[in-house]
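K.L.:
Before anything else, here's the structure in question.
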Amino acid sequence: MTAVLSTQGLIARYGDFQALYGVDTELHQGEAVALIGANGAGKSTFLRSIMGLLPVARDMVRLDGEPVGGTATDRMVQKGVAIVPEGRRLFTGMSVEDNLRVAIDQAARIGAKGGWTLPRVHQLFPILKEKARTQVQSLSGGQQQMVAIGRALLCQPRVLLCDEISLGLAPKVIREIYAALPEIRATGTAVIVVEQDVGLAQSASDRLYCMLEGRVTLTGRSADVTREQIGKAYFGAGHGVV
Amino acid sequence: MEWFDALVQGILLGGMYAQYALGMALMFGVMRIVNISHGDLVILLSLIGISMATAWGLGPLPVLIVLVPLAVLMGWVLQKAVLNKVVGSDPLPSLIATFGLSIALQNLMLQIWSANSRSLPGHGLESQSIEIGGIYIGLLPVIVLVVATALTWGLDLTLKRTRFGRALRAASADVEAAAMTGINPRAVYAMATAAAVGILGFAAVFQSLRSTVAPADGPAQLIYAFEAVIIGGMGAVWGAFLGSMVLGISQAIGFRIDPGFGVLAGHIVFLIVLATRPQGLFGKATT
């Protein structure tokens, strides 16, 4: 079975600064993979590279085996990859419903097929129905995150990338948001979650990758890797990282 | 009565300014693109319209019907060929590019049409008037105001209710996030500039009907459009319309005080608004 999304020797740089040094990953249909690592390990860069927000070579990123590296961001969305970006990046000055409608519009424009509709997003996050007419900037952080997730889902993705969706939120809200994950996966959508909280990352995923200084230092089944293994891979202490 | 008359004249003049200001509200207020060649495009379209009318003996309406699609096409080409290469969070590149375009257009027009002032023959339309409550009002300014109101209403609704409008507002709020939602920002911007310049097609016909145009007239029109958008408040389409009214009324009242004071009165009101309420009369304060 070929992976839905895979990277081979993914290298990315910001000008002269190299941020990723040959990252190999794969993601299968309906699978949830967690990406953990310290700040500056390259997790967000990895997601941005996939989304075409950083220039990468064509065959470094594959979608259904087809090379797609460096494809324009809007074309990646059309191909079925959506992202919940770090910091949420909602459209300020627009209502909750209009934020979601932007995604619905674009999916309709390209004729994207998928099960996500406005009522289903409302079912997943009932508060969004209540706040439909509210401007997004006046929502709480958790509610904003729900809009960001809803917006990404309405792009009808086969692969959903979530960048630090728990950042700055209260534990209760984080649980609420992570509770949506199984339902998203049930539709066959594969998910990559970038997460600072290692325990949360382990419990929410099938497999995990740990990154350090632009390289993958550990990979395995989330249930099998030990705290000690993660600790070494996370900080590189006493670990032969080149 | 004299002041009431000035008020009415001011509102009618505001209708003309609104037609310049709408395109500016869309480009500057929503997309944050500073288009210095805005006024020169009005003049270019006017001169093309006048040449068509003289060559083929067309009346104002046929000229309008030909000129608006031409303006839409010009806007689309302008965005695709020039502005898409310079859009970004920094407004300076678009300002410099369109400043150059403005100078080039003025000289091109001078070369083709010479420095003479021209106007569009209205076949009597420009001199007709109607009487309302003891005041005689020119028919043409009333048509200008009605068209301006209809354009404002249409543009506002387009931005609020259509797929294109939502995509444009999204791209203006956060270009990268818009792309992450499947929007091709360049395609959306090209359509928006096409719409903005298309509205200038209306402005060009009415401007050359009610007054004369010459190749060097563009910058003055640009200033009025800028002032109207800033008085009204950035990003609000009805704000630009009302800003145009404020500018028109200020000028008309200024003209009544002293014929040399009219244009200056408009600038003074603009400066007062800028100093006391920089977000514009109808704009929301930015946080």
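Heads up: the protein sequence lines correspond to chains Y and L, in order. All letters in the first sequence, in the order written, are residues 5 to 246 by our numbering. All letters in the second sequence, in the order written, are residues 9 to 295 by our numbering. Even glycine gets a Cβ: it sits at the ideal position worked out from N, Cα and C.
#1: Comparing the C-beta of residue 189 of chain L with each C-beta of chain Y, is any distance below 8 Å?
#2: Just to check my reading of the structure: residue 185 of chain L and residue 89 of chain Y have Cβ atoms closer than 8 Å, yes? What is that Cβ distance to the nearest angstrom?
#3: Measuring straight from C-alpha to C-alpha, what distance separates residue 248 of chain L and residue 20 of chain L?
#4: Measuring only the C-alpha atoms, how far is residue 240 of chain Y from residue 229 of chain Y?
#5: Please name the residues in the segment 69-87 of chain Y whose beta-carbon is closer than 7 Å to at least one beta-carbon of chain L, in chain order.
#6: Does chain Y have any CB closer than 8 Å to the CB of residue 40 of chain L?
#7: Select from Y:151, Y:235 and Y:23 the residue whose C-alpha is nearest the C-alpha of residue 47 of chain Y.
#8: Rounded to whole angstroms, what's the CA-CA distance from residue 43 of chain Y to residue 51 of chain Y? Just pull it up for me.
#9: Using the Cα positions of residue 241 of chain L and residue 289 of chain L, report the straight-line distance between them to the nearest angstrom.
#10: Below 8 Å, can you find three or more Cβ-Cβ pairs linking the segment 213-228 of chain L to the segment 105-118 of chain Y?
#11: If we define contact as Cβ-Cβ less than 8 Å, is residue 105 of chain Y a contact residue for chain L?
#12: Output the boundary residues of the alpha helix (DSSP H) element that contains residue 278 of chain L.
#13: Quick check: the segment 89-98 of chain Y against the segment 146-164 of chain Y, are there 3 or more CB pairs under 8 Å?
#14: Among L:133, L:169, L:158 and L:155, which has the Cα closest to the Cα of residue 146 of chain L?
#15: For residue 13 of chain Y versus residue 34 of chain Y, is the C-beta distance shorter than 8 Å?
#16: Can you find a CB in chain Y that lies within less than 8 Å of the CB of residue 192 of chain L?
#17: Of all the residues that make up the segment 110-130 of chain Y, which are near chain L by a beta-carbon distance shorter than 9 Å?
#18: Quick check for students: name the residue ranges of the alpha helix (DSSP H) that lie wholly in the segment 95-131 of chain L, counting only runs of 4 or more.
#19: Can you say whether residue 236 of chain Y is buried or exposed, counting buried as having 16 or more other CB atoms within 10 angstroms of its CB?
#20: Do residue 75 of chain L and residue 58 of chain L have their beta-carbon atoms positioned less than 8 Å apart in this structure?
#21: Sorted by chain position, which residues of the same chain lie with C-beta nearer than 7 Å to residue 13 of chain L's C-beta, five sequence neighbours on each side aside?
#22: List, in order along the chain, the chain L residues whose C-beta lies closer than 9 Å to that of residue 262 of chain Y?
#23: Using a Cβ-Cβ distance under 8 Å, would residue 273 of chain L count as near chain Y?
#24: Of all the residues that make up the segment 5-22 of chain Y, which are near chain B by a beta-carbon distance shorter than 7 Å?
#25: With a cut-off of 8 Å, does the C-beta of residue 66 of chain Y fall near any C-beta of chain L?
#26: How should residue 121 of chain Y be labelled, buried or exposed, when 16 other C-beta atoms within 10 angstroms of its C-beta is the threshold for buried?
#27: Counting only Cβ pairs nearer than 7 Å, list the residues of chain L close to residue 159 of chain Y.
#28: Only counting the same chain, and skipping five residues up and downstream in sequence, which positions put a Cβ closer than 8 Å to that of residue 136 of chain L?
#29: Could you give the residue range of the alpha helix (DSSP H) that holds residue 125 of chain Y?
#30: Out of Y:6, Y:141, Y:73 and Y:55, state which residue places its alpha-carbon closest to the alpha-carbon of residue 181 of chain L.
#31: Is there at least one Cβ from chain Y nearer than 8 Å to residue 126 of chain L's Cβ?
#32: Does the beta carbon of residue 57 of chain Y come closer than 8 Å to any beta carbon on chain L?
#33: Using the three-state DSSP reduction, which class does residue 95 of chain Y fall into: helix, strand or coil?
#34: Name the chain Y residues that come within less than 8 Å of residue 174 of chain L, Cβ to Cβ?
#35: Got a sec? Which residues, its chain only, sit under 6 Å from residue 190 of chain L by beta carbon, not counting five neighbours each side?
#36: Would you give the residue range spanned by the beta strand (DSSP E) that residue 77 of chain Y belongs to?
P.N.:
Quick answer:
#1: Taking Cβ atoms only, chain Y reaches closer than 8 Å to residue 189 of chain L, which makes this a yes.
#2: 6 Å
#3: 15 Å
#4: Roughly 16 Å between the two C-alpha positions.
#5: 77, 78, 81, 82 and 87
#6: no
#7: Taking only the C-alpha atoms, the option nearest residue 47 of chain Y is Y:23.
#8: 14 Å
#9: Residue 241 of chain L and residue 289 of chain L: Cα-Cα distance of roughly 6 Å.
#10: no
#11: yes
#12: 270-284
#13: yes
#14: L:133
#15: no
#16: yes
#17: Under the 9 Å Cβ criterion, the segment 110-130 of chain Y contributes 110, 111, 112, 113, 114 and 116.
#18: 100-121
#19: The residue in question, residue 236 of chain Y, is buried, as its Cβ has 16 or more Cβ neighbours within 10 Å.
#20: No. Outside cutoff.
#21: 143
#22: There is no way to answer for residue 262 of chain Y, as the model of chain Y reaches only from 5 to 246.
#23: So, not an interface residue.
#24: The chain inventory of the structure shown lacks chain B, comprising the protein chains Y and L.
#25: Judged by the 8 Å Cβ criterion, residue 66 of chain Y is not in contact with chain L.
#26: exposed
#27: Simply 189 and 190.
#28: Correct list, in chain order: 146, 147 and 148.
#29: Per DSSP, residue 125 of chain Y belongs to the alpha helix (DSSP H) from 122-128.
#30: Y:141
#31: no
#32: Closer than 8 Å: yes.
#33: coil
#34: 98, 102, 105, 106 and 109
#35: none
#36: Segment 77-82 is the alpha helix (DSSP H) holding residue 77 of chain Y; no beta strand (DSSP E) there.
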